[in-house]
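Asks:
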Amino acid sequence: MLQRRKLEGSKYFARDFCKRYDIPQPKFSRFTDNQKAKKYVDEMGSECVVKADGLAAGKGVVVCKTKKQAFDTIDMMLSGGFGAASNTIIVEECISGAELSAFALINSEEVIWLASARDHKRAFNGDEGPNTGGMGAVSPSPDETNELREYIIEKILNPVAKGMVLDGKPYTGILYAGLMLTDAGPKVIEFNCRFGDPEAQVILPRLESDLLDLILLHCNQTQKDAVIKFSNDVAITVVMANKGYPGSYEPNSIIKDIDLVSLNRDCFIYHSGTGMNQKGEIIAKGGRVLSITAKAKSYQKARLEAYETVSKINWENGFYRTDIADF
Numbered sequence: 023m024l025q026r027r028k029l030e031g032s033k034y035f036a037r038d039f040c041k042r043y044d045i046p047q048p049k050f051s052r053f054t055d056n057q058k059a060k061k062y063v064d065e066m067g068s069e070c071v072v073k074a075d076g077l078a079a080g081k082g083v084v085v086c087k088t089k090k091q092a093f094d095t096i097d098m099m100l101s102g103g104f105g106a107a108s109n110t111i112i113v114e115e116c117i118s119g120a121e122l123s124a125f126a127l128i129n130s131e132e133v134i135w136l137a138s139a140r141d142h143k144r145a146f147n148g149d150e151g152p153n154t155g156g157m158g159a160v161s162p163s164p165d166e167t168n169e170l171r172e173y174i175i176e177k178i179l180n181p182v183a184k185g186m187v188l189d190g191k192p193y194t195g196i197l198y199a200g201l202m203l204t205d206a207g208p209k210v211i212e213f214n215c216r217f218g219d220p221e222a223q224v225i226l227p228r229l230e231s232d233l234l235d236l237i238l239l240h241c242n243q244t245q246k247d248a249v250i251k252f253s254n255d256v257a258i259t260v261v262m263a264n265k266g267y268p269g270s271y272e273p274n275s276i277i278k279d280i281d282l283v284s285l286n287r288d289c290f291i292y293h294s295g296t297g298m299n300q301k302g303e304i305i306a307k308g309g310r311v312l313s314i315t316a317k318a319k320s321y322q323k324a325r326l327e328a329y330e331t332v333s334k335i336n337w338e339n340g341f342y343r344t345d346i347a348d349f
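Okay, so the sequence shown: first residue is 23 according to the numbering used here, each after it adds one.
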């Protein structure tokens, strides 16, 4: 795996990288042995976060509230719960605060801020239930300020770019830093080497510059000439998922009335886990199936537009959170 891709592909690589370059993050340790991992939980207290080292479709992170839950999760992962992805696990301290996703375009040591978003990872309202790949998002994050943006660039994004250069593996491309805004300041939860899902569904509709031009300038190492402009609008997306997700679910249920939904220029329906049966009907094939995005001048108006569109889609096997952007 390319070293720069390992920022996303290996939780331990990312944690060790941040440690080496003094990038703020939670305390952590890596394990392949159940008993050693459980001893670490005993030492740090019952609340912790257990992560599969490798990629697990957004499901390889468990926030454990009790020692029993932590021990059970450790046993599940190290016994092959996520295949090779959880042969190694990370146990971290549990930190609290609002989450913010920061997106930047990086070319060697040059960092250009793109946008922020807030992802809703838990399956159910009130941030309850298991982690998912994301049940909704808003952009920009309501927590973004000029001061916070500059802090993130200085303390997190610039050190990542410089660290990769020092490691002899300059980073080129989109970097998504998932952050927790703690009382002690922003701390890194994870990195992704791409636009996220559902974050892309709220960031790209706000982008007024030509994305292809930005990519070409970036590839030609002339990104300093890029003009990156986002609208002042906000965007929210609501994910419709199969009942049972992120666990097991029944595939091939019929989704009706999508073709009857009248969309304005600032409302979008993105298909993810959909297919078509022999009758030409749209069916649900995956866990997260549709993203309904609306763009408007305020969070409240965008939220109203998105949920109004969701309400017109007739899917008995679908579910969604009703509290996205409810602030």
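Positions of the beta carbon are idealized from the N, C-alpha and C atoms, including for glycine.
Given the structure is predicted, the values throughout are model-derived calculations rather than measurements.
1) Can you tell me where the beta strand (DSSP E) with Ile196 in it begins and where it stops?
2) Can you check whether the CB of Ile96 is closer than 8 angstroms to the CB of Arg37?
3) Looking at Ala145 and Pro152, is the spacing between their C-beta atoms short of 8 angstroms?
4) Let's test the definition: count the other Cβ atoms within 10 Å of the Cβ of Phe39 and tell me whether it reaches 16, buried, or not, exposed.
5) From what residue to what residue does the alpha helix (DSSP H) around Asp97 run?
6) For the beta strand (DSSP E) that contains Ile291, what are its first and last residues?
7) Note down the Cα distance separating Ile335 from Gly218, rounded to an integer number of angstroms.
8) Is there contact between the region 171-186 and the region 197-213, where contact requires at least three CB pairs shorter than 8 angstroms?
9) Kindly list the residues whose CB is nearer than 6 angstroms to the CB of Ser275, restricted to its own chain and excluding five residues on each side of it in sequence; keep chain order.
10) Counting pairs of Cβ atoms below 8 angstroms between the region 112-127 and the region 189-202, do you hit three or more?
11) Based on the DSSP output, what are the partners of Asp141 in its beta bridges?
12) Quick check on the DSSP output: what are the complete beta strand (DSSP E) runs of length 3 or more inside the region 215-283, in order along the chain?
13) Taking C-alpha atoms, which residue in Met99, Glu114, Ala59 lies nearest to Ala78?
14) In this structure, how does DSSP classify Arg171 when only helix, strand and coil are distinguished?
15) So, with DSSP's three-state summary, where would you put Glu166?
16) In angstroms with no decimal places, state the Cα-to-Cα distance between Ser32 and Val83.
17) Rounded to whole angstroms, how far is the Cβ of Gly309 from the Cβ of Asn264, which I believe are closer than 8 angstroms?
Replies: From the atom records:
1) As a position in the sequence shown, residue 196 is number 174, starting the count at 1. 194-204 is the extent of the beta strand (DSSP E) around Ile196.
2) Residue 37 sits at position 15 when you count from the first residue of the sequence shown. Residue 96 sits at position 74 when you count from the first residue of the sequence shown. It is not a contact, given that the beta carbons lie outside the stated cut-off.
3) Taking the sequence shown and counting its residues from 1, one reaches residue 152 at position 130. Taking the sequence shown and counting its residues from 1, one reaches residue 145 at position 123. Cβ distance < 8 angstroms, so Pro152 and Ala145 count as in contact.
4) The residue labelled residue 39 in the question sits at position 17 within the sequence shown. Buried: at least 16 other Cβ atoms inside 10 Å.
5) Here the question's residue 97 lines up with position 75 in the sequence shown. Judged by DSSP secondary structure, Asp97 falls within the alpha helix (DSSP H) whose first and last residues are 89-98.
6) Counting from one through the sequence shown, the residue named residue 291 turns up at place 269. Counting along the chain, the beta strand (DSSP E) containing Ile291 begins and ends at 289-293.
7) Here residue 335 refers to the residue found at position 313 when the sequence shown is read from its first residue. Here residue 218 refers to the residue found at position 196 when the sequence shown is read from its first residue. Using only the alpha carbons, I get a separation of about 24 angstroms.
8) The region 171-186 is in contact with the region 197-213.
9) Position 253 of the sequence shown, counted from the first residue, corresponds to residue 275. Excluding residues within five positions, the ones whose Cβ falls inside 6 angstroms are Ala306, Asn339.
10) yes
11) The residue labelled residue 141 in the question sits at position 119 within the sequence shown. Answer by DSSP bridge pairing, in chain order: Ala159.
12) 256-264
13) Indexing the sequence shown from 1 puts residue 78 at position 56. Considering only alpha carbons, the answer is Met99.
14) Taking the sequence shown and counting its residues from 1, one reaches residue 171 at position 149. Three-state result, Arg171: helix.
15) Position 144 of the sequence shown, counting from 1, holds the residue named residue 166. Looking at Glu166 - three-state DSSP - the assignment turns out to be coil, as it is neither helix nor strand.
16) Stepping through the sequence shown from its first residue, residue 32 is reached at position 10. Stepping through the sequence shown from its first residue, residue 83 is reached at position 61. So the alpha carbons of these two residues sit roughly 13 angstroms apart.
17) The residue labelled residue 309 in the question sits at position 287 within the sequence shown. The residue labelled residue 264 in the question sits at position 242 within the sequence shown. Contact flag correct, Cβ pair sits at about 6 angstroms.
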